[in-house]
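Report on one structure; see the data block that follows.
In the working numbering, the protein residues as written are 1 to 206.
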């Protein structure tokens with residue numbers, strides 16, 4: 001049960017970072033352009049699936065909400081800062097700094113968010129390298145697939161892997177978007193997993 005409890009704490013803490021954000025991301029591969037700025041808000045719900053743990057049974061839900069500010073350093077490089085509040089006793093505050101680089105305009109981007117979780121009984125640093133693959137369907141709709149790995153910095157936790165799928169819906173995706181997203185976190189060596197789903201909103205100032 002101890003192993004499952006540790007997995008639970010790490011999975012939940014990781015699954016609510018913004019980029020996403022399971023690690024819900026609520027973004028596409030697009031960058032902001034030089035001196036561009038945007039603001040995002042989001043709300044997520046996470047469901048734990050963990051065998052043989054009466055303390056953390058299946059259908060245990062964790063909810064969180066947060067804000068993210070993005071700024072375009074160059075036409076292909078953004079820097080994002082975010083804060084998320086988690087409904088988790090041990091690690092209920094999450095700060096993240098996320099560099100994002102456009103590999104192929106509006107379709108492929110890479111990011112390595114650095115996260116800091118803390119609360120009443122501990123703290124945790126993580127690195128979360130990810131690739132954002134976006135397919136624009138029209139000027140009103142896009143689809144993003146985001147595979148990612150979570151690595152605890154200086155900790156004893158194992159690596160976790162995740163994948164999420166998100167959608168952008170708007171009358172003008174260059175200006176604003178509503179972004180529903182669904183994701184899954186999983187540790188290959190066990191059956192512990194976290195399902196996540198949520199809704200984000202993005203608005204570009206300039």
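Virtual Cβ for every residue (Gly too), placed ideally from N, Cα, C.
Query raised in the report: The beta strand (DSSP E) with residue 33 in it runs from where to where?
Result: Membership of residue 33 in any beta strand (DSSP E) is not indicated, and neither H nor E is assigned to it by DSSP.
Requested in this report: Report buried or exposed for residue 154, applying the criterion of at least 16 other Cβ atoms within 10 angstroms of its Cβ.
Outcome: exposed
Report task. For my contact list, residue 91 and residue 108 are in at a C-beta cut-off of 8 Å; report their separation, rounded to the angstrom. Result -> Contact annotation, residue 91 with residue 108: C-beta distance approximately 32 Å; criterion of less than 8 Å not satisfied.
Query raised in the report: Hey, residue 39 and residue 69: beta-carbon distance below 8 Å or not?
Result: yes
Report task. Report the option in 174, 150, 200, 78 whose CA atom is closest to the CA atom of residue 186. Result -> 150
**Report entry** Contact the stretch 99 to 114 vs the stretch 27 to 34: 3+ CB pairs below 8 Å
**Finding:** yes
Query raised in the report: Do you know offhand how far residue 117's Cα is from residue 170's?
Result: 32 Å
Query raised in the report: On the three-state DSSP scale, how would you describe residue 140?
Result: coil
**Report entry** Host beta strand (DSSP E) of residue 259 (start-end)
**Finding:** Shown here, the chain extends from 1 to 206; a query on residue 259 therefore has no answer.
Query - Beta-ladder partner(s) of residue 69, from DSSP - result: 39, 81
Report task. Please classify residue 205: does DSSP put it in a helix, a strand, or coil? Result -> coil
Query raised in the report: Any idea if residue 138 is buried or exposed, counting beta-carbon neighbours within 10 angstroms, 16 or more meaning buried?
Result: exposed
Query raised in the report: Under three-state DSSP, which class holds residue 103?
Result: The answer is strand: DSSP assigns residue 103 an E or B state.
Query raised in the report: To which residues of the same chain is residue 33 closer than 8 Å at the C-beta, ignoring the five residues directly before and after it?
Result: 72, 75
Query raised in the report: Measuring CB to CB, does residue 114 end up less than 8 Å from residue 131?
Result: no
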